[in-house]
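Chains as they are written, first to last, in this note's numbering: chain A, 1 to 343; chain B, 1001 to 1347. Below is one structure, written out as structure tokens; comments come after it.
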């Protein structure tokens, strides 16, 4: 089929073929289907609770996206988050009168430090990121378990307990129980917006895409690879710390093995959101939609009383399916561009 | 005579720079551990004892097979993160088959044929699981890390769905012989591993497929211009990896007499560590079975030594991670500072 204006056709194809558009349609279709089965699903109370329970996964996912876009990989962030939680919890229990700002700063700093450590090791040892981060996952988690003896932390100060019940929008349900859009969801959205702006409009973000697209080309274009690796992995560390903090705020306890082992929910959300496994592509909007889709799916499975051990089958199948689709469409796009340039 | 031997060993060390340090490391580890254990246990427990070596020999086969499964994919610059979940899926499937048909077969006197059929079926199934990995990587061009990450979650999920999270146990006596039986004191499982290791070494060093596998790992573009069918080599590699996983699954099922979805998940790190410590380059192209076997023995000595010393398994986990990074750091240092190594081997 010949076309007089292949450029316009390409743009049109891109818009309708865009991963975000497809995801949004799938998400809407799912919400409609689930609402038809169980009308209570669409109520604001349930939606707010889905958003709240997805918030820490969402925060992890934003950080993971940055690393994946830069062509890296990090599976140690759940261990980083756990270490950060423990650091915060220990300080809070030892000094209950510590100023909230200072207490909440601790997990962020711990996260950034451990994330940057990953970046330094990957850079200086020039080893595959998956191997370095598997090693670090075990170092962080093993040492934490060894030092703390797997002890649970709870009984945090009052302000810490009330924090998640700070609502931006608040309502009362028929039984007079207060519910609303928690400030924690706003933290997630704030991280997403900051990351989105950073990735799209700032040089730092564009450099990450360049690194993921072709590391050697990026190096020769004068990008300081080490600096931007530290930036990407450090940002993931920051998100891990923040996600760990949010998780503690929601559950009010620190347990060493709740987060570790759930890395793949985050990986699933990010690849579902269309971040390419080739590196160099992926958007914050896609990632947020990916997290939303998995959260809705998991909520729907629970509503439909599907046993929890089936959830993992769904997650695995979705990951493989979405990786396959993203890869194939990336290959197809590459071929189309080749053809276009050849004309 | 002695001079000839020394010269030969020096030549070997030069040819195998990536694993030349391992024999010394092995001796060092054994000496250190036996002294440490002798002191701490005040002579009640000995590292250099028949019982301890027997216990170590029992754990070597499955870990060795899993490490071989990891290594072949690393040689092609890939990785197989799904080995543990594949092993569990295969183990659970075999366990259920034997439990379902076991009583009927036993009353008909067909227990042995059932076990043979289950083993053959289990191996075929594990090759299929490997083939699926290979198809994702070769045909759909998904990077090995993400493809096997996806199948790792999928296989574990399937196992969980099949078992509903329960442990499946109570295998027939005749099946347990695989792990418990021996010939002249050598356990069957160890024989299986030895045969697998020798066959693997032969295939990798002497067969066209093995050489193609290394070529692919060194430079995929060059290999494809040298008329190597890349897709076929990748498919075969992941099927071979699956087969080795299947053997490990049989031995694990026989040793524990039970299977579940989350058995041995921490072994993934250990298999990577053994492969890398044994001289396999995670970027592909380099690595030998002999190095892997030496690394395996070293690791097993350390594991059982730390165990005898009463060190927490979590601390051991941390140590494995640190050791892996240490080995990679050493490699990277050697690669950047070739020192007195002959120029021809500098990579």
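Beta carbons: idealized from backbone N, C-alpha and C, even for Gly.
Whole-number beta carbon distance between residue j and residue i, since they are thought to touch under 8 Å
i, j, result
"residue 180(A)", "residue 129(A)", "Between residue 129(A) and residue 180(A) the Cβ distance is about 40 Å, and since that is not below 8 Å, they are no contact."
"residue 1075(B)", "residue 1202(B)", "No, residue 1075(B) and residue 1202(B) are not in contact; Cβ-Cβ is about 15 Å, not under 8 Å."
"residue 1047(B)", "residue 1033(B)", "5 Å"
"residue 246(A)", "residue 184(A)", "6 Å"
"residue 1133(B)", "residue 1118(B)", "The pair is not a contact, with the Cβ atoms about 23 Å apart (cut-off 8 Å)."
"residue 1145(B)", "residue 1239(B)", "That belief does not hold up - the Cβ atoms of residue 1145(B) and residue 1239(B) are roughly 19 Å apart, past 8 Å."
"residue 1317(B)", "residue 1266(B)", "6 Å"
"residue 1251(B)", "residue 1178(B)", "6 Å"
"residue 1245(B)", "residue 1067(B)", "Contact flag wrong, Cβ pair sits at about 11 Å."
"residue 1298(B)", "residue 1026(B)", "5 Å"
Residue-level contact to chain B via CB, residue i, 8 Å cutoff
i, result
"residue 185(A)", "no"
"residue 118(A)", "no"
"residue 348(A)", "Chain A is shown only over 1 to 343; residue 348(A) falls outside these bounds and no answer can be derived."
"residue 310(A)", "yes"
"residue 85(A)", "no"
"residue 283(A)", "no"
"residue 64(A)", "no"
"residue 106(A)", "no"
Chain A contact for residue i (CB, 8 Å cutoff)
i, result
"residue 1125(B)", "no"
"residue 1129(B)", "no"
"residue 1072(B)", "no"
"residue 1314(B)", "yes"
"residue 1164(B)", "yes"
"residue 1090(B)", "no"
"residue 1003(B)", "no"
"residue 1272(B)", "yes"
"residue 1076(B)", "no"
"residue 1062(B)", "no"
"residue 1151(B)", "yes"
"residue 1328(B)", "yes"
"residue 1254(B)", "no"
"residue 1345(B)", "Because the pLDDT of residue 1345(B) is 44, which lies under 50, any placement of that residue in the model is unreliable, and the number read from its coordinates should be weighed accordingly. Chain A contact via Cβ: absent."
"residue 1012(B)", "no"
"residue 1218(B)", "no"
Alpha-carbon spacing of residue i relative to residue j, whole angstroms
i, j, result
"residue 1160(B)", "residue 337(A)", "43 Å"
"residue 1346(B)", "residue 1332(B)", "Note that residue 1346(B) has pLDDT 41, beneath the 50 cutoff, so the model's placement of it is unreliable and the number below is only indicative. One C-alpha to the other measures close to 12 Å."
"residue 299(A)", "residue 1337(B)", "55 Å"
"residue 1175(B)", "residue 229(A)", "51 Å"
"residue 961(B)", "residue 1053(B)", "This structure cannot speak to residue 961(B), because chain B is shown only from 1001 to 1347."
"residue 1120(B)", "residue 1090(B)", "11 Å"
"residue 58(A)", "residue 240(A)", "10 Å"
"residue 1343(B)", "residue 226(A)", "Because the pLDDT at residue 1343(B) is just 46, under 50, the model does not fix this residue reliably, and the value given afterwards should be weighed accordingly. Roughly 29 Å between the two C-alpha positions."
"residue 315(A)", "residue 1307(B)", "37 Å"
"residue 1071(B)", "residue 1324(B)", "15 Å"
"residue 49(A)", "residue 157(A)", "24 Å"
"residue 205(A)", "residue 287(A)", "16 Å"
"residue 1269(B)", "residue 134(A)", "7 Å"
"residue 1188(B)", "residue 1180(B)", "8 Å"
"residue 161(A)", "residue 251(A)", "9 Å"
"residue 1287(B)", "residue 302(A)", "47 Å"
"residue 216(A)", "residue 283(A)", "23 Å"
"residue 1092(B)", "residue 331(A)", "37 Å"
"residue 1164(B)", "residue 1321(B)", "32 Å"
"residue 323(A)", "residue 61(A)", "16 Å"
"residue 2(A)", "residue 340(A)", "With a pLDDT of only 49 at residue 2(A), under 50, the local geometry of the prediction cannot be trusted, and the value read off the model is given with reservation. Answer to the nearest angstrom: the Cα atoms are 12 Å apart."
Selection from the options that minimises the alpha carbon distance to residue i
i, options, result
"residue 153(A)", "85(A), 328(A), 24(A), 296(A)", "85(A)"
"residue 54(A)", "202(A), 269(A), 325(A)", "269(A)"
"residue 1111(B)", "1049(B), 1171(B), 1247(B), 1301(B)", "1171(B)"
"residue 1243(B)", "1302(B), 1125(B), 1137(B), 1218(B)", "1125(B)"
"residue 70(A)", "305(A), 232(A), 95(A)", "232(A)"
"residue 25(A)", "342(A), 289(A), 320(A)", "289(A)"
"residue 1204(B)", "1039(B), 1289(B), 1156(B)", "1289(B)"
"residue 1328(B)", "1273(B), 1259(B), 1093(B), 1212(B)", "1273(B)"
"residue 82(A)", "165(A), 168(A), 137(A)", "137(A)"
"residue 297(A)", "198(A), 62(A), 31(A)", "31(A)"
"residue 64(A)", "264(A), 319(A), 329(A), 326(A)", "264(A)"
"residue 203(A)", "163(A), 189(A), 190(A), 218(A)", "218(A)"
"residue 1131(B)", "1082(B), 1186(B), 1042(B)", "1082(B)"
"residue 68(A)", "211(A), 341(A), 320(A), 334(A)", "211(A)"
"residue 1241(B)", "1142(B), 1017(B), 1073(B)", "1073(B)"
"residue 1088(B)", "1263(B), 1314(B), 1216(B)", "1263(B)"
Q) Looking at C-beta atoms only, is the number of pairs between the segment 1059-1068 of chain B and the segment 1183-1198 of chain B that lie closer than 8 Å three or more? A) yes
Q. Are at least three pairs of beta-carbons, each pair with one atom in the segment 100-116 of chain A and one in the segment 1270-1289 of chain B, less than 8 Å apart?
A. no
Q.
Any contact between the segment 250-264 of chain A and the segment 77-94 of chain A? By contact I mean 3 or more CB pairs, one from each, below 8 Å.
A. yes
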